[in-house]
Structures are given as structure tokens and as C-alpha cells.
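**Q**
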Amino acid sequence: MTIIDDTDYGTPRVSSDETATVTIDGREVTVPAGTSVMRAAAEAGIQVPKLCATDSLKAFGSCRLCLVEVEGGKGTPASCTTPCADGMVVSTQTEQVKDLRRNVMELYLSDHPTDCDGCARGNCEMQRLAQETGVAEVRYGLDGANHLADTTDHTNPYFDYDPAACIVCSRCVRACSETQGTFALTVEGRGFDSRISPGGTDFLSSECVSCGACVQACPTDALTERSVVQLGMPTRSVVTTCAYCGVGCSFKAEVQGSGDDTRVVRMTPWKDGGANEGHSCVKGRFAYGYASHDDRQMEPMVRDTIDDEWRVVSWDEAIARVAEGFRAIQEKHGVGSIGGISSSRCTNEEVYVVQKMVRAAFGNNNVDTCARVCHSPTGYGLNHAFGTSAGTQDFRSVEQCDVMLLIGANPTDAHPVFASRMKKRLRQGAQIIVADPRRIDLVRSPHVEAAFHLPVRPGTNVAFVNAMAHVIVTEGLHDEAFLRERCEDVDGYLGFIAQPEHSPEAMEEETGIPAADLRSAARLYATAPNAGIYYGLGVTEHSQGSTMVMGMANLAMLTGNLGREGVGVNPLRGQNNVQGSCDMGSFPHELPGYRHVSRADVREIYESLWGVTIQPEPGLRIPNMFDSAIGGSFLGLYVQGEDIAQSDPNTQHVEAALRSMELVVVQDLFLNETARFAHVFLPGTSFLEKDGTFTNAERRINRVRPVMPSRVGRDEWEVVCDIATAMGYPMSYGSPAEIMDEIASTTPTFAGVSFSRLDAEGSMQWPVTDAAPHGTPTMHVGSFVRGLGQLTTTVYVPTTERSNRKYPLVLTTGRILSQYNVGAQTRRTPNSTWHPEDVLEIHPADAELRGITDGDVVELSSRVGATRLTALVSERMPAGVVYTTFHHPVTGANVVTTENSDWATNCPEYKVTAVQVTVATEATRAAAGEAPEASSAPMPAGAMARHR
Amino acid sequence: MRQRGPSPAPAPAPADPERAASVRSIAEELSGVRGPLLPILHEVVETHGFVHDDDVPVIAEVLNLSRADVLGVVSFYHDFRRTPPAAHRVALCRAEACQARGAEATYASAADRWAGSTEVEVGEVFCLGNCALGPSGTLDGTLHARLTPDRLDALTEEWAR
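Protein sequences, first through last, are from chains E and Y. If you use my numbering, the first sequence corresponds to residues 689 to 1636, in order. If you use my numbering, the second sequence corresponds to residues -10 to 150, in order.
1) Leaving out five residues before and five after residue 785/E in sequence, what residues of the same chain have Cβ atoms less than 8 Å from its Cβ?
2) Check for me: the alpha helix (DSSP H) holding residue 1110/E runs from which residue to which?
3) Are residue 1029/E and residue 1014/E close, meaning C-beta to C-beta below 8 Å?
4) Check the C-beta distance from residue 143/Y over to residue 110/Y and give it rounded, since I have them as a contact under 8 Å.
5) Please identify the residue among 981/E, 1471/E and 869/E whose C-alpha is closest to the C-alpha of residue 1134/E.
6) Relative to chain Y, which residues along the stretch 876 to 888 of chain E have a C-beta separation below 7 Å, given in chain order?
7) Please confirm whether residue 20/Y and residue 60/Y have their CB atoms less than 8 Å apart.
8) Taking DSSP as the reference, what is the three-state secondary structure of residue 887/E?
9) Identify the continuous alpha helix (DSSP H) that holds residue 1371/E and give its terminal residues.
10) Please report how far the alpha carbon of residue 1246/E lies from the alpha carbon of residue 1510/E, in whole angstroms.
11) Tell me whether residue 1130/E is buried or exposed, calling it buried when 16 or more other Cβ atoms sit within 10 Å of its Cβ.
12) Chain E beta carbons: is any one of them nearer than 8 Å to that of residue 65/Y?
13) Could you compute how far the alpha carbon of residue 49/Y sits from the alpha carbon of residue 874/E?
14) Exposed or buried, what is residue 640/E when buried is set at 16 or more other beta-carbons lying within 10 Å of its beta-carbon?
15) Listed in chain order, which residues of the stretch 12 to 44 of chain Y have Cβ atoms closer than 7 Å to some Cβ of chain E?
16) Could you tell me which chain Y residues have their CB closer than 9 Å to the CB of residue 872/E, listed as they occur along the chain?
17) Express the C-alpha separation of residue 1101/E and residue 840/E in angstroms, rounding to a whole number.
18) Quick check on the burial criterion: 16 or more other C-beta atoms within 10 angstroms. Buried or exposed for residue 1622/E?
19) Counting along the chain, where does the alpha helix (DSSP H) carrying residue 1267/E start and finish?
20) For residue 1606/E, which residues of its own chain have a beta-carbon under 7 Å away from its beta-carbon, when the five flanking residues on both sides are left out?
21) For a quick check, are the C-beta atoms of residue 1387/E and residue 1267/E less than 8 Å apart?
22) Name the residue from 58/Y, 138/Y, 24/Y and 107/Y whose alpha carbon lies nearest to the alpha carbon of residue 99/Y.
23) Assuming contact is defined by CB atoms lying nearer than 8 Å, are residue 126/Y and residue 81/Y in contact in what I supplied?
24) DSSP state of residue 1615/E, grouped into three classes?
25) When burial is assigned at 16 or more other CB atoms within 10 Å of the CB, is residue 1367/E buried or exposed?
26) Residue 743/E to residue 947/E, Cα distance in whole Å?
27) What is the residue span of the beta strand (DSSP E) that residue 940/E lies within?
28) What does a CB cutoff of less than 7 Å around residue 1284/E pick up in its chain, not counting 5 residues either side in sequence?
29) Compute the Euclidean distance between the alpha carbons of residue 1317/E and residue 1331/E, then round it to the nearest angstrom.
30) Hey, out of 1237/E, 1148/E and 1164/E, whose CA is closest to residue 1197/E's CA?
31) Quick check: the Cα distance between residue 1253/E and residue 1139/E, rounded to an integer number of angstroms?
32) Looking at chain Y, is there any beta carbon in it that lies within less than 8 Å of the beta carbon of residue 866/E?
33) State yes or no: is the C-beta of residue 691/E within less than 8 Å of the C-beta of residue 968/E?
34) Is there contact here, the stretch 1188 to 1196 of chain E with the stretch 1214 to 1226 of chain E, by at least three beta-carbon pairs under 8 Å?
35) Going by beta-carbon coordinates alone, are residue 1454/E and residue 1464/E separated by less than 8 Å?
36) Since residue 1307/E and residue 1079/E are thought to touch, with beta carbons under 8 Å apart, how far apart are those beta carbons, to the nearest angstrom?
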């Protein structure tokens, strides 16, 4: 395999119902009206030379290389800025334009390093064009004024900017503006002095978010990945899927070597990726180095007790130990005394075999997944309302959205590539309502300003969504026809929500949202041609998480914002495969495809295929497993790629549960926090080694292709099969493709999915059925999956976690752009340059009251625990609410979070903890029972866990 | 204090809070006009003599632009000077009409006379619309016509040499 060289059409695709037919160099081509001559030529297979044009950016017309001649026209227009007109006859290679190009190119080269061999990229668009245009020498010499002595900016950890190689084509500036929407780059100065500048400072201290779009756009060697400078150019590429957030960006892994000697040179975003369409963020683009980090554990290990040293053993010995241990526990304590936890970081195929191992080999339903602690209320709530546990739209839908209602999500940090799409649409004139306690970037940042920021107090989401619905119904803004035709329990709901106790005025004190703002926001949402709801864990991780999901579904149904593009209810999933791990039957009550274990017809499908009896009763959820462990009835646990000791709430309780177990098996990349309590450690594989599929937040099934073979000797799905086999239930597959075939044959929504179909289509969004053989971008068109949409009376019940005199502040948690979840991966990359520690953001008034200034070490305590971090006084916070991230185990943010959880799904209430904050003193340090130095001593690992 | 992640790093606190407040009030006052950035920058130069690097983030914040956006505009126009002006400023027209009437000699003489001066700076402009009476120029902002080296000397007699 070689490098995949994408065709660059020069200017973006135009959509139009009208067409134009033109003749270019004798070839006739028909294109949508408004298409540039350059793009039409490319579609006809003719590449017009260009430097400032690329098809992800609007035409700019500055480089003057793409000049062409048009029959009957005057002069030599730039083909990038000239739209096709019907009947146009264009010549791209006349002597006149060739001569012009050669002269222009010669001028460029008169201020450009001559040493192409010494250039890191080895080949670039500039060099190729110099050859094509036939510039043999530069007549002007190189002694004139030039920029060749300009110095390189090495401050960004991932890429260099060498102004000497820059031709000031502005592609980087435009990529930063148009694609990423950060506007961190500009052309500084004028004329000959013009230089690309990150705002008058170096790259690291600039507004740059290191998404890599500028590097991707650069046609010369001016912006180059550091890894390319160090390793040289890659020799082959493999299209695969990013393993960070739920956006699920497609990348080309560009590598050198093959087999065990494979070395990743860079990850470049894939233009044909359905989720990202050629864009990326700092994590997926650059932060893949953890996969080859020295901390990675490469061999299986066992120990008798958690106080013993680890002992490296063979795979066979480790697997035998697991199988014998689990069977022994079951013999003594019953079939239900062991269980497994699957990971949203693993592939669908890996997750499927874990739940199969639990159901078929363990013989119980004690399987749960880390989605329990993030989006389980999404699955429950959306299934209840619409009949499908998934978002209703694809990402592209946002391009049709007029009003976005963003609730409890911070996309610019947590889902950056989708945030760029949102910002693009906002710059086109769409509006956004942000409901979030913090003033996140989408409230106001360069070129984006929210129509309303509703600073909803943590824990009062349902009161807020009810007030929105109340305004819509009592002001008659609801879509009566949609409700009558497509929904049920309409009158009951309308009567409920119209009650005066739901009014914004009545709820103002509870939610902290000024009633007038809420009313205006509700009107804006209800009257938009297309309004879409986007939400994150600020919705789900509450005691009323499921209720809130239903409340948002109510809003969308009330206003008829379902079943077409630009609308819907869209969860922004935290992890790469949260959607998929839930789809695969990871919950203790559901078989793959969200079918309850009590359904005999569904059990029958698997019983006949697997040759076992499946329990008709749901198994234990994660918190039940912990409680049962402490109670002495649950003694064996297999944990796949999730660091429950760091990511689950109330760390003390989790640790006590793990200590109570007889056999804890951890499969992970690193010796994580949970591994401190494990008896067997099985090394896992990184996404670069996996063969399978991830399903993103828009139900898009993307292929994950192995860039290199497993570095630990076995694939994770193989290990799971080996454990099951050793336990006496033979499980084996020839390849992950066979696992997907089994999934497809047993799960109706996946009926049309196979690796070969995915390879042919690029990706598909489930349901993929006979009726929708290419997948389903928009759900619930015409009717809901459950038939009629279910309106639900969403009674607001305040959380029991209230601030009081002792704990007067509310702590809420979130994520930051450069780090990911518990940081197991990103902390092992240069991303820590930007975020070396977690900080506690606190409102200036709350800080002043406590004598806290910026940079103070503070003590953060709740009724369950205490921890210490550095304070950041910030006007992003509302008074009364403090905020931190949980990327660094030293912080132990979950030491303070409580066991409150969603009433329906047990999703923990991470977003609301009553706390007190004080300046840390020696005394409070002693009271907290630990010195921070001690807790930071073992470099913690913890691969994969809580997803924001 | 620390970087907040590759979310846009916060601008450093301005060294001169009084100036920052003044620039902010200029920016806020003019933020409602159409295309507010140029009028704001003109007003900042008018009030403070030049655009300080620390003014850039203040203006960017008020207009909800990036710092790079503002810097790009500031650096494009020579009139948005980025260093404090000298006590006296000579700007001589070097466009075609004035050149035809001998502007170059006046310019050369002025440039030579105040070379290295910290009190007087000599700049060039291209047409003040006073072609019939060239060579033209401004002395501390006031238009003068028919400038010769001698007339220039006479007009600036009072200036420290």
C-alpha cells in the first residue's frame, strides 16, 4: 500500500439545481452552476496549477498561477475565481498562460529556499509546480531583498513554522478562519513585509488551538509537522478512525515501515470522513504518541494478592489463571458472583465478544459498560420518547440548522471538530442559545456570540426545560398539527406543562435564569424554521438525567423539530465508541440492539446461535457490582479498558469494593489506577493495532483499520475468546469481520453492515436495513421508530445534593481541549504543555470572600471527601458554582463526588456536588489525610474511562 | 497565570491599566458604528499617539474579534503607528506631481537634517490633494505648500535641532 494522495479540486463543491456545461482543453464537463473553472477542470481530470487554492477553502485568487484563457474573453482570468458559464470554452495550457505561470513561479522562487533536498517534506505542492511550470533558474538571483534569514518558530510542540519557506498564500490564515473558526492567524504587515503571524506572538502563546488545519493547508514547507522533520515523509497510509471523542473523525494514519517495524509519522484528517470532512483537533491530529509510550504495559502479569509484586507470565498462564479463578468463585459463590465491564474505547467487535463472554461463558447478565457513567440516560430517555437509543441527526444536519439550543455541553473543548461545524454555521447567520452554568467559548468568542446565555444552576435542568416548554405551550407557539399526527399523550402533557408552577417566573429562583431571557430564548427556539438541540453530559450526569433527556425530546416534539435535516435531539457523545458499546448489548438488561433480556424471542436468537441458556433477568449494574462486592456476594470482575478507580464517583467506595474482590482482571494499555487492585493484568491494544469498527455520536459506523499488528501478541477480542474457551465455553472467530457478521445476522438495525460494505461505502449510519441499504442519516422521518412519539410529564424533583452552610458552593466538572477524560492518553503526550494540572475555576466574588487569589492552592471538600488543587479566579463562572476538570489523577476530582445518581439508569450525578473551598493550609492538608506529594508519586495510568 | 489549554490563551494583563481603560472606552463608544475597527484605531492614535501592542487584545475583546484579526489591520496601515511619535513630525509628499516640482530635494534635505533625531521624524506621503501648489507636506499635521529646503528650515526654526 502507498500514500493516499487525495485529489484537490481547488475550490469547494457547489450545490445547485442548475448546471453549466463547459469545454476545458477539449473535454466537455457538466457541473453545478457556480462551480469554478478550476474545479470543473479537476472533475474532468485536468489539474490547473495553483498555490493559494485548495478545495476546503473559498477561492482567493492571489497566487496568479491558475490563469487560463477563455474563448471570446479578454485577458487571462484566474480559474479559481471564475465561475463556469454554460458553453464556455477554456484552455488551461496555451503558450501564453504557460509563459505567465513560469514567470510568476520564478518570482516566487526568487524568495524561497533553493534546497529542496534539505526540506523536511521532501516534496510539496510548490516544488511540484516549479517542476511542472518548467522554471529552470531564477533570473533575478537570490541576492535581492528576501526572507531567507527569517527564523523558525518551534514553540508549538507538534509543528514548526518556517517563515523563510512561506509564500504568504494565506491558506493557513483562511484554514484557521474558515475551517477551524479560531482566527488565530493573520497576515502581518503589507507588501514585501507581509508575513504570516499568530497575532504578533509565537504560536504557543497565541490564540492557536493546534488543530493542524494550517499545517494541512500549507502548500510549502513553511508549516510542517515536527514528526515529519524528525522522521521524514511517510511511505504508506491507512484510513482509520480516531479513538478520542464521540465525533469519530476519519484519519489517514501515515506511516513508515511495515509489520512490527511500523512507525507512525503523522495522522492527517481524511477528506472523505463523514464526521469530520477533512478537519481535525489537537488530540486526534497530534496526540497519538501514547500508543508507543514507555509506560505501556506489553506483557500479561499476575499476582496472588494486591500487595504482591507483579509477575510477568505467558498469555496462556494468565488466561488459565483468569478462567480458573472465575470458575472457582462461581463454584463457591454462585453463577452471579462474577461479571464484566466493557469499554467505550474498544471496538464494537471487542465489546460484543465481552458481553457474549459474560452471557454465554459466565452464564449471567452481569455486564455493564462505562456508558453507565455518561450517556445511559440518553439511551433510556430517547428510547422512551422516540423508540431509539440514539441521536436523531447526522453532524452535517447542523448546516441546515437556524437555531441551536446547546445544553450542558462545551463542544469547543470536548467535541472540537463538530464545534468548528457549529461555528461555521453560526458565522453564516444561525443563532445559538447556550444553557450552561459557565460562560463557555460558544457564549462569546471571536466571531461567535450566543443570542442567549442561560446560566442554568447545576441540578435544575428539568425546571429549565419545563419552563421552556411552558412558554411555548402557553404562548401558543407549539406545532399542534405535528403533535396530533405524530405524538401520544398530548393532552395530558399540554395540561401538565401549562400549569403556572412551570413558568419561567416561578422557576427563576430555582434555575437562576432570568425569566425574561428564558421567555425570549423559548420563543427563538420555537419560531425558528429549523431548531436543533445539542447536549452533553451536563444533561445526563444528574439525578434527573433521564427526565431531562425526555424533557428535551418533549421540546423537539412540541415544536415539530424532528424528522428532517437541521433539527432533532443530538447527544454529543464523550467517547469514540459510547454509541457502539451501548448498541452491542453492554447493558445488563439488554441484548445487542437494545432488546430487553426478558424478551424470549430475542433470547432465542442468541440461545440457538450460542448454544446456551440466557438469563431472562437483568444482571448487575456497575454500582450494584460495587455494593455486592462490599456485601460479599460479588467477587470476580473483568474490566476492559476502563479506569473505574479514577473515573467512577466516590473513589473511596469504589476502592473498598475492589479490595473486597477475590479476582480483579484488568485489560488496559497502562497499569491504571484500577490495576492497583487487580490480580491479573492483560495488556491491551491501541487503536492503531485494532481491526474493527467504532460507532460515533451520529450512529456512523466507521472502520478502524490496523496500522500495525498487535504489539502485545494478541488482539483483545482474541483474548476474550480465549478466556471464554478456557472457562469451557469455546469461542473463536477467524477475524473481526466474522464478529460483525454475527452482529449483523442477529441485530436488525445492523442487518446490512459488514466490513466489505463499510469498506465500499466509507461509513454507514445505522439502521442499515433492506429499507435503508446505505444507512439512515436522519431518523424518525414521517413516523417515529416506536410509532407515535411519547410525550412525558417531566416533574421537576430537586436533587438531594444541595448546598448548605457547611458546603455552600456547587462543584460541576468538565473537560478541556488538550486533555481527554482521565488523561491516560493525553497526559502521555506533549498535550500536557497546555494543561499540566487541573485547576479549580471560581467566581471572583466567591474567591474574594474566601481570601483566594489566582494561583492559590485550595482545599476542595464535600461530604464524602477532600482534595486540593490550584485556583483560577474566572468570570466564566457564575457566583456559587465552581468547576474543575478530572484529567489528572493527582487531583482526584472523584474523591469528592457523591453516589447520587440518575433515578432510571444510575448514571452518577457528577455535575452537582455541594462543596466548600478554602485556602489550603498545613492543617487542612493533615485533615485531608494525605500529602499531595504522596498521592502524586506513582505515575498513574488509567486508560479509559469517564467520557465528557 | 497558566495556559488554559489550546483554548485561546488569555491575553496577558495590560501593563498600563489606565491606558487599557481609555482604549476600552474608545472601543466601546465606537463599537456600534459600521465597520468599527478602523474608526477605533484612528481614535486610539488620535488620543494616545500610537497603537500599543497591549491595545490589541482590548479592542479585540470589545469587538469580539481575535487578536490576530486586529493585529492584521493595525499592521497593514502605516498610519496606525505602533511606537510613540516623536515630538515633531514632517510628512512630505513624494508622489508624481510633487516630484515633478522638486519634492525629492526637499525630502532628501529633511531626511538628512533630522537623521537620527529623536525629536523630529520625517515621513513620506503619497498625495495630499494639493498638487497645484506642490511640493506639499505637513508639519505636525498642518498642510504647507511650495516647500523647498529653505522654506522647510524657516518653518521649523523653532524646533530643536
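The beta-carbon is built from N, C-alpha and C at its ideal position, and this holds for glycine as well.
**A** Taking the structure as given:
1) 755, 756, 757, 764 and 779
2) 1104 to 1115
3) no
4) Rounded, the Cβ-Cβ distance is 20 Å, inconsistent with contact.
5) 869/E
6) 876, 877, 878, 885, 886, 887 and 888
7) no
8) coil
9) That residue, residue 1371/E, is in no alpha helix (DSSP H); its beta strand (DSSP E) goes 1368 to 1371.
10) 38 Å
11) buried
12) yes
13) 13 Å
14) Outside the displayed range of chain E (689 to 1636) lies residue 640/E, so it cannot be described from this structure.
15) 42
16) -3, 55, 56 and 57
17) 28 Å
18) Here the model assigns residue 1622/E a pLDDT of 33, short of 50, so the residue's position is not dependable, and the following value carries that caveat. Per the 10 Å Cβ criterion, exposed.
19) 1266 to 1271
20) 1538, 1546, 1547 and 1612
21) yes
22) 138/Y
23) yes
24) With a pLDDT of 48 at residue 1615/E, under the threshold of 50, the modelled position of this residue cannot be trusted, and the question is left open.
25) buried
26) 34 Å
27) 938 to 944
28) 1277 and 1278
29) 17 Å
30) 1148/E
31) 22 Å
32) no
33) no
34) no
35) yes
36) About 27 Å; that fails the 8 Å criterion.
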